[in-house]
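Residue numbers (UniProt numbering): 1 to 802.
Every residue gets a Cβ at the ideal spot worked out from N, C-alpha and C, and that includes glycine.
Computed from a prediction, not measured in an experiment: that's the story for all the values here.
Take a look at the structure set out below.
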Amino acid sequence: MIPQESQADTITRQKRSWSIASGDVDIDVCPDYPGSEDKKKRQRTEARTSPEDTSSSVHSQSQGFSLEIASTNNAAHQQPSLTASRHSLSADRSESAFNLKDTTTVTEEPPANMQSKATDMLRAVHTFQNARDFVINNPNFIYQCPSSPFVGDVTSLSAILSQITHAGEAVFVALSRRRMEGAEVDSSSREYPPRCHPQTRKNLRARIVNWFQRAQARRRWRMLWLLGPAGTGKSAIAQTIAEEAKIACRLGAALFLSRANHHDNPDHVIPTLAHQLARKLPEYKQIISHRLADDPTIVEKNRRTQFRELIIEPFRLLATQKPSIIREPLIIILDGLDECNGAGAQCELIELISNHARTFRESPLLWMIISRPEWHFSYLLTEPEYTASYQMEELIIDDKEAQADVLHVLDDRFTRIRRRYQHQLALTWPPKTALKNIAAVAKGMFAVSDTVIRFVEDEGVSDPFGRLEICLKFLNGSCAFAKEVHPLHALDLFYCEIMSKIPSDVLPTTKRILGVDLLFGSDSEPFGAVAQANLLHLSQAEYYSALKHLASVLSVPPASDAPFLFRIHFDHATFGDFLRDPNRSGKYAIDEAAVYLDVAVNSMRWIAVPQHATKNYATWIAEGDLWQVDLNSTRAFAMSRGLQTLWRLEGSSVQKLENALKYIDFRHLVFYDEPVFELIPWLISKVPSIAHLKKPGCCLQQPRIQKSAVWETYGAPYASLAGGPYWCEERAVVIVHIGSGKRTCELSLVTRPHDFMEKVHLSAGQKVEPIDVKLGDIASSLPSSELLSSVSCSISGNSAVI
1 MIPQESQADT ITRQKRSWSI ASGDVDIDVC PDYPGSEDKK KRQRTEARTS PEDTSSSVHS
61 QSQGFSLEIA STNNAAHQQP SLTASRHSLS ADRSESAFNL KDTTTVTEEP PANMQSKATD
121 MLRAVHTFQN ARDFVINNPN FIYQCPSSPF VGDVTSLSAI LSQITHAGEA VFVALSRRRM
181 EGAEVDSSSR EYPPRCHPQT RKNLRARIVN WFQRAQARRR WRMLWLLGPA GTGKSAIAQT
241 IAEEAKIACR LGAALFLSRA NHHDNPDHVI PTLAHQLARK LPEYKQIISH RLADDPTIVE
301 KNRRTQFREL IIEPFRLLAT QKPSIIREPL IIILDGLDEC NGAGAQCELI ELISNHARTF
361 RESPLLWMII SRPEWHFSYL LTEPEYTASY QMEELIIDDK EAQADVLHVL DDRFTRIRRR
421 YQHQLALTWP PKTALKNIAA VAKGMFAVSD TVIRFVEDEG VSDPFGRLEI CLKFLNGSCA
481 FAKEVHPLHA LDLFYCEIMS KIPSDVLPTT KRILGVDLLF GSDSEPFGAV AQANLLHLSQ
541 AEYYSALKHL ASVLSVPPAS DAPFLFRIHF DHATFGDFLR DPNRSGKYAI DEAAVYLDVA
601 VNSMRWIAVP QHATKNYATW IAEGDLWQVD LNSTRAFAMS RGLQTLWRLE GSSVQKLENA
661 LKYIDFRHLV FYDEPVFELI PWLISKVPSI AHLKKPGCCL QQPRIQKSAV WETYGAPYAS
721 LAGGPYWCEE RAVVIVHIGS GKRTCELSLV TRPHDFMEKV HLSAGQKVEP IDVKLGDIAS
781 SLPSSELLSS VSCSISGNSA VI
């Protein structure tokens, strides 16, 4: 019997109890009278389940989520009122508390005198409309009222399920907002990603596929790290492996990082991987949805917390509670890790992944990391703590397989171009020699071959024959082109992007080192990194700091190898060509005149270092007893090749040299026979304020006199040069002062005076022509016993008399 609420308004109250239990959520749906003013519009109720219902209804021990709706058979009432309260969602994340129950039961007790049952049922569906902040994990709804006319009403139950699923997706939105959209393996924004040609990198790809497909017991490493210089086709390998793994249903996630596409935020790496894994594994999605519902700020926490909450713990639960879900390991591919912002973030991600791979052997995840061999990865590549957790594969540019692969790609791509332009090109195009020439320049670097192909097949020009001719001329060095036109312009942009990473205050030092190696580096005459740094007066820290951003295009020896004549090495010749050409490299170009001046000044400084110098003269001191070897190596380079650069100096460089030499202390100058002897005439002619002949009344007081040359005079007389030497066949001692002020030394050179002065004036670009012959007098400053018969000559029109 339904009591009357008022005389004008009689309503039959219908009670319907829906008890939904799954995991951590209980939901109670109760109709109530919406029009009564005495009833509160929102109230909290307890989930009502009779003892006899427990056999068919499974409930979590945690408090639930209760909803209360009211319906009526009065047509005047349009919408039921909704009362919703969230008591709590279980925050217990321990393995025992998280209950992966698969069954959720819906029970209904049909009320007496039910009217408009279909309408009431559909209204109940709206219970979940716009609902939020609750999770129902893996529910199965069972309608348990055989006597009800709504048995089998799938429409109503499906609608409820749809609302619940939509609510779970709403919780998942927090993760979606932090993912890198467009960085997936099959994203439309990566419509034409690089892929491996079927005939290229076959051995490497076979090893990788065998690694992630082999049995768990036979797999030693759960992480593979693929390293390679820029332009070696790493992304193509990653794309190809990801597509093959996806076909085999073994791809868990793939993330292709790119600074150019703004996919470089390290804080979004883990959420992006988790988002892709959730799309792959519904059970994993349930777990992280539960965690995100309880704490939506997980995606805003530090990377270590994100990795623990979204990767480690969820898969630990799956591995322990439901190991059958993932029968075969899933591979996660992370390409271009070096494209992430911040060296520290890159290293942290490697550490997190390697630690996970080493400590959690039961994890169903395999990791494949692809990156350039950046300098900040060095400790991760050498420390046993990390090297024991991964297998490393390294790409080498100029190995035989890479060179053959480049030729395969060229042949295939040019064949396609010929088919596309079959009305323009002969069947014999392109000549085999042309492809071999391009492959020889590429030397196994796919970036070069790909750039050439793109230049030739440019649809905006549609002249592959002419473009190939231009390309061959450029590669042969027989023709120059504007910056935007030449065939390797795309490669130049790539090199510019790498150089742009160097801080502006470090760039000058970087260019100094690169310039010395470009102009003086020679395998036949090795010049080690330590000797190079000492020549340029750079410390070990300054040297490595200047080169650390170029690890993708340079091979820099580690400090342990630097003393043993190991020097930096350009991974590919095109990078050196790029730096040499200012039209291509712009502000990153190497100024050869500046390099020659730099080497000349520092070589002069090094020949002034005492022969028995201590290691205090070195800016980079090698460990152990090698410092003396390094000093000798630096001095030898300065004498053998450094001083030769003076002949290349012209114009303003000579003036800069003269200004720099004023601050070098030459009082400890050690006389070396041939190099210094050949140098002094040039110095006298070009920088007279630094080097000049000793004359009567010379202002120099008490110079440091070097006697080493005098020992070989064998009694030759001294030639005091008042204005110029006499012509003579006999050898004489010529005295020269080198230095400025108190930093001057005096050298005694045994030579034929005329020959010596001839070199001086030839260095100055003057002509030497003898005019007359006559006897002269020996200068009064010489001892009378040291007579020298000589011939007067005219040097550039000026008579010189001793």
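Residue range of the beta strand (DSSP E) that includes residue i
i	result
E746	745-751
L226	223-227
For residue j and residue i, the rounded distance between their alpha carbons
i	j	result
S461	C471	The displayed chain sequence assigns Val, not Ser, to residue 461. Going by the C-alpha atoms only, they are around 14 Å apart.
G515	N341	29 Å
H408	G466	22 Å
I590	T359	49 Å
R327	A238	24 Å
D571	L547	14 Å
H356	I287	19 Å
C196	G233	8 Å
V599	W375	27 Å
I369	L352	12 Å
A440	Y543	32 Å
A608	R743	10 Å
A388	T320	25 Å
L330	F172	22 Å
D399	G521	22 Å
residue 844	A593	This structure cannot settle anything about residue 844, because the visible part of the chain is limited to 1 through 802.
S585	K473	20 Å
H537	T509	11 Å
L693	P582	41 Å
Residue span of the alpha helix (DSSP H) that contains residue i, given as start and end
i	result
F455	446-456
residue 833	Residue 833 is absent from the model: the chain starts at 1 and stops at 802.
L435	432-442
T509	507-520
N659	652-661
C347	343-359
A230	Premise fails: A230 is in no alpha helix (DSSP H) and is neither H nor E.
H486	Taken as a continuous stretch (DSSP letters only), H486 belongs to no alpha helix (DSSP H), as it is neither H nor E.
S633	627-637
S504	Element bounds for S504: n/a, residue is neither H nor E.
S235	234-247
Where residue i sits in the DSSP three-state scheme
i	result
L337	helix
M499	helix
V556	coil
V736	strand
L693	strand
H263	strand
Y588	helix
Y421	coil
W647	helix
W682	helix
P296	helix
G576	helix
I396	coil
A546	helix
E184	coil
L407	helix
C196	coil
W375	helix
H537	coil
I325	coil
R219	coil
S462	coil
P610	coil
R316	helix
C471	helix
T619	coil
One or two residues paired with residue i in a DSSP bridge
i	result
W211	None; W211 has no bridge partner.
Q391	L224
A254	I333
M368	L224, I333
H569	S555
Inter-residue CB distance, residue i and residue j (contact presumed, cutoff 8 Å)
i	j	result
E394	G228	7 Å
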